[in-house]
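Participant: The sequence shown begins at 895 in the numbering used here and counts up one residue at a time. For each residue, glycine too, the CB sits at the ideal point set by N, CA and C. Since the structure is predicted, the reported quantities are computational estimates derived from the model, not experimental observations.
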Amino acid sequence: METIFAYGTLKDPKVQQEVIGRKVVGMPDHLDGCIKSHFQHGTRKTYPVILCSIEGHGVDGLLFSVTPEELTKIDEYENDIYRREKVTLKSGTPAWAYVK
Numbered sequence: 895m896e897t898i899f900a901y902g903t904l905k906d907p908k909v910q911q912e913v914i915g916r917k918v919v920g921m922p923d924h925l926d927g928c929i930k931s932h933f934q935h936g937t938r939k940t941y942p943v944i945l946c947s948i949e950g951h952g953v954d955g956l957l958f959s960v961t962p963e964e965l966t967k968i969d970e971y972e973n974d975i976y977r978r979e980k981v982t983l984k985s986g987t988p989a990w991a992y993v994k
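#1: For residue 989, which residues from the same chain have a beta carbon less than 7 Å from its beta carbon, with the 5 sequence-adjacent residues on both sides left out?
#2: Tell me the DSSP bridge mates of residue 921?
#3: In angstroms with no decimal places, state the Cα-to-Cα distance between residue 975 and residue 913.
#4: Please look up how many angstroms separate the CB atoms of residue 881 and residue 942, rounded, as I've assumed it's under 8 Å.
#5: Using the rule of at least 16 other Cβ atoms within 10 Å of the residue's Cβ for burial, across every protein chain shown, is residue 953 buried or exposed?
#6: Regarding residue 923 and the ligand ADP, is the C-beta to nearest heavy atom distance less than 6 Å?
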């Protein structure tokens with residue numbers, strides 16, 4: 895299994911169902927050193943994003959597990975807008991996060 899730190903649309907059970915075919919049970923967690931922001935991609939879509947290496951800030955999110963196949967589906971959903979990066983959460987858990 896792979897762990898994901900979701901801070902935006904992937905926290906939504908409807909999006910989870912659409913992307914990986916099921917709703918996940920997750921635990922709240924926190925990523926230190928980042929802020930949550932938004933950016934515009936295309937003419938009308940605005941997406942959440944985390945920007946890291948910012949001391950004194952942090953982002954709350956949801957930690958959950960997915961299969962390698964589900965991780966591939968999430969990569970396709972996030973496409974080239976984000977890059978997947980391994981982070982360590984406040985709980986000490988390593989997880990994948992999609993960052994800009």
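Facilitator: According to the data block:
#1: 897, 898, 899, 957, 981 and 983
#2: 957
#3: 16 Å
#4: This structure leaves residue 881 out entirely; the chain is present only between 895 and 994.
#5: Looking at its Cβ environment, which holds 16 or more other Cβ atoms inside 10 Å, residue 953 is buried.
#6: The model on display carries no ligand, and the ligand ADP is accordingly not part of it.
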